[in-house]
Amino acid sequence: AQTVTQSQPEMSVQEAETVTLSCTYDTSESDYYLFWYKQPPSRQMILVIRQEAYKQQNATENRFSVNFQKAAKSFSLKISDSQLGDAAMYFCAYISGSARQLTFGSGTQLTVLP
Amino acid sequence: EPEVTQTPSHQVTQMGQEVILRCVPISNHLYFYWYRQILGQKVEFLVSFYNNEISEKSEIFDDQFSVERPDGSNFTLKIRSTKLEDSAMYFCASSYRGAEKLFFGSGTQLSVL
Chain R
1 AQTVTQSQPE
11 MSVQEAETVT
21 LSCTYDTSES
31 DYYLFWYKQP
41 PSRQMILVIR
51 QEAYKQQNAT
61 ENRFSVNFQK
71 AAKSFSLKIS
81 DSQLGDAAMY
91 FCAYISGSAR
101 QLTFGSGTQL
111 TVLP
Chain G
115 EPEVTQTPSH
125 QVTQMGQEVI
135 LRCVPISNHL
145 YFYWYRQILG
155 QKVEFLVSFY
165 NNEISEKSEI
175 FDDQFSVERP
185 DGSNFTLKIR
195 STKLEDSAMY
205 FCASSYRGAE
215 KLFFGSGTQL
225 SVL
């Protein structure tokens, strides 16, 4: 079974600084997708960034980028120039190409300090 | 921008009662999902639905749960006889092509008393 592990229950960062959230996963599949979702206090699930496993290039979305290490099964999220609005719970998630369900990690609560 | 709409945002019910959670997926999407999140825990998959039938379901999705797409636009989750442990945030999601890019609704917080 696929598992997703987020080893940092809580992280904090100073406004305008950079923070990296860690995620590792376990799978025997070769075709899969990885995601980072943001969940603010409203509890809505917002897609931050997505990575296809077959792509070697790391995905980027404005201030958000990932470090995808396929051999190590690691998928970290880097947030640059952190803003107060980035404060939220961040979930790493995985899905294989053949599956119909996302598997989520346990989340990392990010606090942004002014 | 199109979005997935869920109603109601909050639902309070008595244990043993039936509840129906409603979702309007994005109009051209073909795949529909329900996930739930018990407070303080990770998001868990319940069920996926495609071509008017369940394509996959988790162990959580037992006989007390059912889904329906009654009219081509709504997608509902019914819990037949609610238990205290059903209290959670329920998220509907939809996608056009598999689960490579899911769009989530803003959730329905279900409280079972």
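Protein sequence lines, in the order shown, are assigned to chains R and G. Using our numbering, the letters of the first sequence map in sequence onto residues 1 to 114. Using our numbering, the letters of the second sequence map in sequence onto residues 115 to 227. Every residue, glycine too, gets a C-beta built ideally from N, C-alpha and C.
query                                                                                                                                   : result
Close-in-space but distant-in-sequence residues of the same chain around Q69 (chain G) (CB under 6 angstroms, 5 per side omitted)       : Missing from the structure shown is residue 69 (chain G); chain G here goes from 115 to 227 and no further.
Cutoff 8 angstroms: Q109 (chain R) Cβ touching any chain G Cβ                                                                           : no
Beta carbon proximity, Q44 (chain R) to chain B, threshold 8 angstroms                                                                  : Annotation note: the requested chain B is absent from the structure, which comprises protein chains R and G.
At least three beta-carbon pairs within less than 8 angstroms, the region 84-95 of chain R to the region 172-188 of chain G             : no
Cβ-Cβ separation, T20 (chain R) to K73 (chain R) (assumed contact under 8 angstroms), whole Å                                           : Actually they are not in contact, since the Cβ atoms of K73 (chain R) and T20 (chain R) sit about 17 angstroms apart, beyond 8 angstroms.
Collapsed DSSP secondary structure at D26 (chain R) in the structure displayed                                                          : strand
First through last residue of the beta strand (DSSP E) which encompasses S180 (chain G)                                                 : 179-182
Delimiting residues of the beta strand (DSSP E) encompassing H124 (chain G)                                                             : 124-127
Assigned secondary structure, E199 (chain G) (DSSP; H/G/I helix, E/B strand, else coil)                                                 : helix
8 angstroms Cβ cut-off: residues of chain G touching F64 (chain R)                                                                      : Simply none; closest approach about 16 angstroms.
Within chain R, partners of L224 (chain G) - CB distance below 8 angstroms                                                              : What L224 (chain G) touches in chain R: nothing, since even the nearest Cβ is about 12 angstroms away.
Own chain residues within Cβ distance below 6 angstroms of V157 (chain G), not counting five before or after                            : Y149, Q151
Near-chain R residues of the region 201-219 of chain G (beta-carbon distance less than 9 angstroms), N- to C-terminal order             : M203, F205, A207, G212, A213, E214, K215, L216, F217, F218, G219
Residues of its chain near L113 (chain R), where Cβ-Cβ distance is below 8 angstroms and the 5 sequence neighbours each way are ignored : S12, V13, Q14, E15
Minimum C-alpha distance to V118 (chain G) - residue among G:S209, G:L227, G:V226                                                       : G:S209
8 angstroms Cβ cutoff, F175 (chain G) in contact with chain R                                                                           : no
Integer-rounded CB distance, given that L227 (chain G) should sit under 8 angstroms from Q120 (chain G)                                 : Actually they are not in contact, since the Cβ atoms of Q120 (chain G) and L227 (chain G) sit about 21 angstroms apart, beyond 8 angstroms.
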